[in-house]
Amino acid sequence: MTEQFNLPNQKDKFTINYEEALNPSQREAVTSLDGPMLVIAGAGSGKTRTLTYRVARLVEKGISPAKILLLTFTRKASSEMLNRAAKLLDSRCERVSGGTFHSFSNSMLRKHASILGFDNKYTILDRVDAESLVGMLRKELEPGSKHRSFPRKRTLANIFGRAVNKVIPIEDVIYNDYPHFQPYLEDILNLSVEYKKRKVIHKFFDYDDLLVYFHLLLKNHADIRDKISSSYKYIMVDEYQDTNQIQAGILYSLTSKNKNVMVVGDDSQSIYAFRGANFKNIIDFPRLFPETKIISLEENYRSVQPILDLTNVIIDRAAEKFSKKLFTRKTGGVKPVLANAQSENGQSMFVVDKIQDLNASGVPLNRIAVLFRAGFHSFDLELELARERLPFIKVGGFKFTESAHIKDVLAHLKVIANPHDRISWYRILLLLEKVGPKTAQNIYEAIDKEKSGYAGILTIELKSGISRRLSRLKQLFSNIDFGPLSVSEMGEIILHYYLPVLRDRYDDHPKRARDLEQLLTIMQRYNSLEQFLTDMTLEPPNTSMDGTFAETSPDNNRLVLSTIHSAKGLEWHTVFIIWALDGRFPSMHALNNEEDLEEELRLMYVAATRAQNNLFFTYPNNVYDRGSGMIFSMPSRFIDMIPDDILEKYYVD
DNA sequence: TCACGGAATATTTTT
DNA sequence: TATTCCGTGA
Numbered sequence: 070m071t072e073q074f075n076l077p078n079q080k081d082k083f084t085i086n087y088e089e090a091l092n093p094s095q096r097e098a099v100t101s102l103d104g105p106m107l108v109i110a111g112a113g114s115g116k117t118r119t120l121t122y123r124v125a126r127l128v129e130k131g132i133s134p135a136k137i138l139l140l141t142f143t144r145k146a147s148s149e150m151l152n153r154a155a156k157l158l159d160s161r162c163e164r165v166s167g168g169t170f171h172s173f174s175n176s177m178l179r180k181h182a183s184i185l186g187f188d189n190k191y192t193i194l195d196r197v198d199a200e201s202l203v204g205m206l207r208k209e210l211e212p213g214s215k216h217r218s219f220p221r222k223r224t225l226a227n228i229f230g231r232a233v234n235k236v237i238p239i240e241d242v243i244y245n246d247y248p249h250f251q252p253y254l255e256d257i258l259n260l261s262v263e264y265k266k267r268k269v270i271h272k273f274f275d276y277d278d279l280l281v282y283f284h285l286l287l288k289n290h291a292d293i294r295d296k297i298s299s300s301y302k303y304i305m306v307d308e309y310q311d312t313n314q315i316q317a318g319i320l321y322s323l324t325s326k327n328k329n330v331m332v333v334g335d336d337s338q339s340i341y342a343f344r345g346a347n348f349k350n351i352i353d354f355p356r357l358f359p360e361t362k363i364i365s366l367e368e369n370y371r372s373v374q375p376i377l378d379l380t381n382v383i384i385d386r387a388a389e390k391f392s393k394k395l396f397t398r399k400t401g402g403v404k405p406v407l408a409n410a411q412s413e414n415g416q417s418m419f420v421v422d423k424i425q426d427l428n429a430s431g432v433p434l435n436r437i438a439v440l441f442r443a444g445f446h447s448f449d450l451e452l453e454l455a456r457e458r459l460p461f462i463k464v465g466g467f468k469f470t471e472s473a474h475i476k477d478v479l480a481h482l483k484v485i486a487n488p489h490d491r492i493s494w495y496r497i498l499l500l501l502e503k504v505g506p507k508t509a510q511n512i513y514e515a516i517d518k519e520k521s522g523y524a525g526i527l528t529i530e531l532k533s534g535i536s537r538r539l540s541r542l543k544q545l546f547s548n549i550d551f552g553p554l555s556v557s558e559m560g561e562i563i564l565h566y567y568l569p570v571l572r573d574r575y576d577d578h579p580k581r582a583r584d585l586e587q588l589l590t591i592m593q594r595y596n597s598l599e600q601f602l603t604d605m606t607l608e609p610p611n612t613s614m615d616g617t618f619a620e621t622s623p624d625n626n627r628l629v630l631s632t633i634h635s636a637k638g639l640e641w642h643t644v645f646i647i648w649a650l651d652g653r654f655p656s657m658h659a660l661n662n663e664e665d666l667e668e669e670l671r672l673m674y675v676a677a678t679r680a681q682n683n684l685f686f687t688y689p690n691n692v693y694d695r696g697s698g699m700i701f702s703m704p705s706r707f708i709d710m711i712p713d714d715i716l717e718k719y720y721v722d
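Just add 69 to wherever you are in the first sequence, counting from 1, and you've got my numbering.
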């Protein structure tokens with residue numbers, strides 16, 4: 070009855086050779102299927118591999134794919150894993166239920182919204198929409214908001230969101246994070262109440278609501294909770310360190326009927342605390358699930374030893390660490406480099422130079438990435454890359470779906486799906502000449518009174534002056550109302566209406582028009598308008614489309630520019646981390662707060678652990694900071710004072 | 001009531 | 001530097 074004796078049998082039973090493909094810890098995580106399990110997966114330790122094989126294993130054992138739930142951080146992550154599992158085994162794996170907490174919550178709420186007293190034809194507000202709504206309310210608020218220092222709509226939305234995600238009162242958020250707004254506490258509280266009310270009136274759910282209301286549904290309706298729970302026999306959660314308290318609560322409820330739940334994460338890679346994520350969820354997990362089996366993956370398959378030596382030093386500087394030391398069997402490799410440039414442009418030139426060298430010596434461009442703290446940090450580099458005709462793709466930062474022209478077009482579709490969507494109506498109406506907030510409000514109220522959905526715009530009575538201005542818009546909606554149209558047919562009609570508006574409003578309309586063509590292509594993949602709008606909000610295309618080289622490059626062999634947040638989970642042959650400058654990374658704003666500083670450190674750790682073979686840090690000298698009036702010239706404290714035998718120093722220019 | 005211009009303000013990361 | 005906000009003239 071030894072293991073070896075059983076091996077031939079096992080091999081006959083499973084088409085996949087798990088013994089060969091996985092190391093002992095991974096294998097254990099993959100093959101022990103029942104009961105709660107916590108997998109602590111160090112950077113590059115084969116976490117994705119483990120999850121992929123586990124999905125395949127479950128399916129191979131005959132578990133129905135629909136009864137398996139894989140919750141991930143992005144939609145892309147789950148579809149990639151399922152695709153890989155399908156390649157290992159067969160296409161059944163693609164039918165596994167997968168998605169983000171937000172998208173899963175959304176699909177459940179669409180089914181069960183009525184139990185909470187909501188209509189399921191709600192609109193999901195993205196960040197910009199939520200801010201617009203807050204902005205409207207802010208204007209309506211009489212006494213408070215006329216003070217100069219009253220918080221902006223964006224700040225207000227942040228405050229509300231933080232309170233929800235951390236499950237603390239708004240008072241605490243103000244007290245801890247925004248003490249300078251304490252004089253306005255009462256107004257802010259009133260605004261938050263009003264915000265909540267308006268969301269209900271206009272059938273809006275913001276990102277947080279999806280989690281909050283789904284959690285509420287599970288908590289208050291045991292029958293539904295048990296039904297959902299028993300429909301998912303096996304649950305896996307990726308990136309557990311970046312879940313927040315509500316998500317942990319949702320997960321707990323989902324296991325009411327069985328405890329076959331595996332969470333995977335790495336406390337050292339928790340980088341979403343700003344959004345309410347709490348890596349302590351990892352520590353709490355075994356307490357929540359008493360029989361938890363804990364497995365650590367510590368063998369690193371990604372990086373060469375010199376890189377690991379450095380990343381171990383970085384994470385050792387964390388105050389709160391659950392010590393684990395990664396090791397690798399990869400031999401050789403060169404020391405990471407810290408390069409000091411005289412200026413920002415010097416930094417860009419250095420990076421471009423090195424990339425050209427590497428590329429000449431056979432490293433493909435798509436195996437190289439440049440990572441940075443914030444989207445705008447790459448502006449200078451982008452110019453330099455364009456000059457050298459190096460094709461690149463930029464990930465993270467501003468989003469395709471957040472640009473004004475895309476939102477304009479989407480607004481026309483959103484009022485069809487949800488005629489109560491006041492934000493979209495305003496957006497549509499304000500595009501018209503001579504229509505401002507006041508007129509928009511009048512028209513909106515008139516449409517709302519008609520109670521005939523978006524078609525209300527066709528029958529409303531208005532002063533003739535306004536009515537004439539509306540005629541083209543009315544024509545648009547009557548065309549749409551004429552018959553059942555596919556999503557892309559609606560898109561085409563709207564585009565026909567909108568393109569003249571676009572030409573009027575933007576100097577760079579040709580470029581924007583191309584984006585809209587792109588949008589039309591995406592629409593063709595959908596036959597449900599709701600689904601299209603949901604995906605545009607919950608799983609928008611991640612890459613910013615503006616790069617001139619983005620579309621023109623024939624193959625996919627492009628250099629990757631990415632924010633560190635968007636680089637999570639990925640790896641490259643060579644990684645450049647630019648702006649490793651104290652004051653920028655960590656940013657000035659994090660210096661006063663121990664927790665923020667720790668998060669910045671982990672962010673640096675995440676960035677550095679993306680590298681397989683080569684790792685470069687760069688920072689420019691004499692950078693003037695407008696905010697503080699200071700001059701930055703020191704390397705990031707996270708990589709400063711590291712001996713030369715671990716981190717080599719260069720001076721360029 | 002709208003459009004425009006000047007002044008004030010400001011962090012960044014994403015679902 | 002870019003956005004947002006407010007006052008002013010039409």
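For every residue, glycine included, the Cβ atom is placed at its ideal position computed from N, Cα and C.
Any idea what DSSP makes of D694, helix, strand or coil? Numbered from its first residue, the first sequence carries residue 694 at position 625. Coil.
Contact between the region 461-473 and the region 631-644 is defined here as three or more beta-carbon pairs at a separation below 8 angstroms; is this criterion met? yes
Rounded C-alpha distance that separates E349 from D336: As a first step, residue 349 is located in the first sequence; it is residue number 280 there, counting from the start. As a first step, residue 336 is located in the first sequence; it is residue number 267 there, counting from the start. It is worth fixing the name first, because residue 349 is Lys in this sequence and not Glu. Spanning the two alpha carbons is a distance of roughly 8 angstroms.
Pair within 9 angstroms by beta-carbon distance, P655 and E669: Taking the first residue of the first sequence as position 1, residue 655 is located at position 586. Taking the first residue of the first sequence as position 1, residue 669 is located at position 600. Yes, the pair counts as a contact, with Cβ atoms nearer than the cut-off.
By Cβ distance, which residues of its chain are closer than 6 angstroms to K404, with the 5 residues on each side in sequence left out? Reading the first sequence from its first residue, position 335 is the one you call residue 404. Only P375, E717 meet the Cβ criterion.
Do you know offhand how far K327's Cα is from T117's? Numbered from its first residue, the first sequence carries residue 327 at position 258. Numbered from its first residue, the first sequence carries residue 117 at position 48. The sequence given here places Asn at residue 327; Lys does not occur at that position. Each residue's Cα considered, the two are about 24 angstroms apart.
Excluding the 5 residues preceding and the 5 following I243 in the sequence, name in chain order all residues of the same chain whose CB lies nearer than 8 angstroms to its CB. Taking the first residue of the first sequence as position 1, residue 243 is located at position 174. Taken in chain order, the residues that qualify are I228, F250, Q251, L254, I257.
Looking at the unbroken alpha helix (DSSP H) that takes in N234, where does it start and where does it end? In the first sequence, counting from the first residue as 1, residue 234 sits at position 165. Residues 222-235.
Report buried or exposed for I352, applying the criterion of at least 16 other Cβ atoms within 10 angstroms of its Cβ. As a working note, residue 352 is residue 283 in the first sequence. That one is exposed.
Would you call the CB atoms of S322 and L357 closer than 9 angstroms? On the first sequence, position 253 is the one that residue 322 refers to. On the first sequence, position 288 is the one that residue 357 refers to. No, the pair does not count as a contact, with Cβ atoms beyond the cut-off.
For V332 and L366, what's the separation of their Cα atoms in angstroms? Within the first sequence, the letter at position 263 stands for residue 332. Within the first sequence, the letter at position 297 stands for residue 366. So the alpha carbons of these two residues sit roughly 13 angstroms apart.
Limits of the beta strand (DSSP E) - the one that M106 falls within: As a working note, residue 106 is residue 37 in the first sequence. Per DSSP, M106 belongs to the beta strand (DSSP E) from 106-110.
Can you tell me whether DSSP reads G593 as helix, strand or coil? The residue labelled residue 593 in the question sits at position 524 within the first sequence. Looking at the sequence shown, residue 593 is not Gly but Gln. Residue state, collapsed to three classes: coil.
Please report how far the alpha carbon of W648 lies from the alpha carbon of Y523, in whole angstroms. Numbered from 1 along the first sequence, position 579 holds the residue referred to as residue 648. Numbered from 1 along the first sequence, position 454 holds the residue referred to as residue 523. The alpha-carbon atoms of W648 and Y523 are separated by roughly 49 angstroms.
9 angstroms Cβ cutoff met for P433 and N626: Looking up residue 433 in the first sequence gives position 364. Looking up residue 626 in the first sequence gives position 557. Contact: yes.
Per DSSP, what are the beta-bridge partners of K718 in this structure? Here residue 718 corresponds to residue number 649 of the first sequence, with the count starting at 1. K718 is bridged to L407.
Ignore the nearest five residues each way along the sequence and tell me which others in V785's own chain have a CB closer than 8 angstroms to its CB. Coverage of the chain is limited to positions 70 through 722, which leaves residue 785 absent and any answer about it impossible.
Can you give the Cα-Cα distance for G415 and L628, rounded to whole angstroms? Numbered from 1 along the first sequence, position 346 holds the residue referred to as residue 415. Numbered from 1 along the first sequence, position 559 holds the residue referred to as residue 628. Between G415 and L628, the C-alpha separation is close to 19 angstroms.
Cutting at 8 angstroms between CB atoms, please list the residues of its own chain near T508, excluding the five before and the five after it. Indexing the first sequence from 1 puts residue 508 at position 439. So the qualifying residues of the chain are L498, I535.
Can you tell me whether F448 is buried or exposed? The criterion is at least 16 other CB atoms within 10 Å of its CB, across all chains shown. On the first sequence, position 379 is the one that residue 448 refers to. So F448 ends up on the exposed side.
Give me whichever residues DSSP pairs with P689 in a beta bridge. Translated into positions along the first sequence, residue 689 becomes position 620. In the DSSP output, where bridge partners are listed per residue, P689 has A410.
Could you tell me if S101 is buried or exposed, where buried requires 16 or more neighbouring beta carbons within 10 angstroms of its beta carbon? Counting from one through the first sequence, the residue named residue 101 turns up at place 32. Under this definition S101 is an exposed residue.
If I'm right that K95 touches S372 with Cβ under 8 angstroms, what's the distance once you round it to whole angstroms? Taking the first residue of the first sequence as position 1, residue 95 is located at position 26. Taking the first residue of the first sequence as position 1, residue 372 is located at position 303. This sequence places Gln at residue 95; Lys is not what is there. With a Cβ gap of about 18 angstroms, Q95 and S372 do not count as contacting.
Three-way DSSP call (helix, strand, coil) for N428 in this model: Here residue 428 corresponds to residue number 359 of the first sequence, with the count starting at 1. Of the three classes helix, strand and coil, the one that applies to N428 here is helix, per DSSP.
C-alpha gap between S555 and S597, whole angstroms: Walking along the first sequence from the start, residue 555 turns up at place 486. Walking along the first sequence from the start, residue 597 turns up at place 528. Spanning the two alpha carbons is a distance of roughly 8 angstroms.
At what residues does the beta strand (DSSP E) containing A438 begin and finish? Numbered from 1 along the first sequence, position 369 holds the residue referred to as residue 438. Run containing A438: 437-441, per the beta strand (DSSP E) assignment.
With Y341 as the anchor, note down where its alpha helix (DSSP H) starts and where it stops. To locate residue 341, count along the first sequence from 1; it is residue 272. Here Y341 belongs to no alpha helix (DSSP H), and DSSP marks it neither H nor E.
Starting from D573 and walking both ways along the alpha helix (DSSP H), at which residues does that stretch end? The residue given as residue 573 occupies position 504 in the first sequence. It spans 556-574 - the alpha helix (DSSP H) in which D573 sits, taken as one unbroken run.
Range covered by the beta strand (DSSP E) that runs through D275: The count along the first sequence starts at 1 and reaches residue 275 at position 206. 273-275 is the extent of the beta strand (DSSP E) around D275.
If contact is defined by three or more beta carbon pairs under 8 angstroms, each pair taking one atom from either stretch, is the region 288-296 in contact with the region 266-278? no
Taking the continuous beta strand (DSSP E) assigned at G525, which residues delimit it? Reading the first sequence from its first residue, position 456 is the one you call residue 525. Note, G525: premise wrong, no beta strand (DSSP E); alpha helix (DSSP H) at 525-528.
Identify, in the order they occur along the chain, each residue of the same chain with its Cβ nearer than 6 angstroms to the Cβ of A98, setting aside the five sequence neighbours on each side. Working through the first sequence from its first residue, we reach residue 98 at position 29. V108, T119, I364.
Taking C-alpha atoms, which residue in T380, K468, N313 lies nearest to A232? Numbered from its first residue, the first sequence carries residue 232 at position 163. Of the listed residues, the one whose Cα sits closest to A232 is N313.
Quick one: grab the DSSP three-state call for N381. As a first step, residue 381 must be located in the first sequence, where it is residue number 312. Here N381 sits in helix by DSSP.
Do you know how far the Cα of L157 is from the Cα of A125? Translated into the one-based positions of the first sequence, residue 125 becomes position 56. Translated into the one-based positions of the first sequence, residue 157 becomes position 88. Rounded to whole angstroms, A125 to L157 spans 7 angstroms at the Cα level.
Check W648 in the structure and name its three-state DSSP category. On the first sequence, residue 648 is found 579 positions in, with the first residue counted as 1. Coil, per DSSP.
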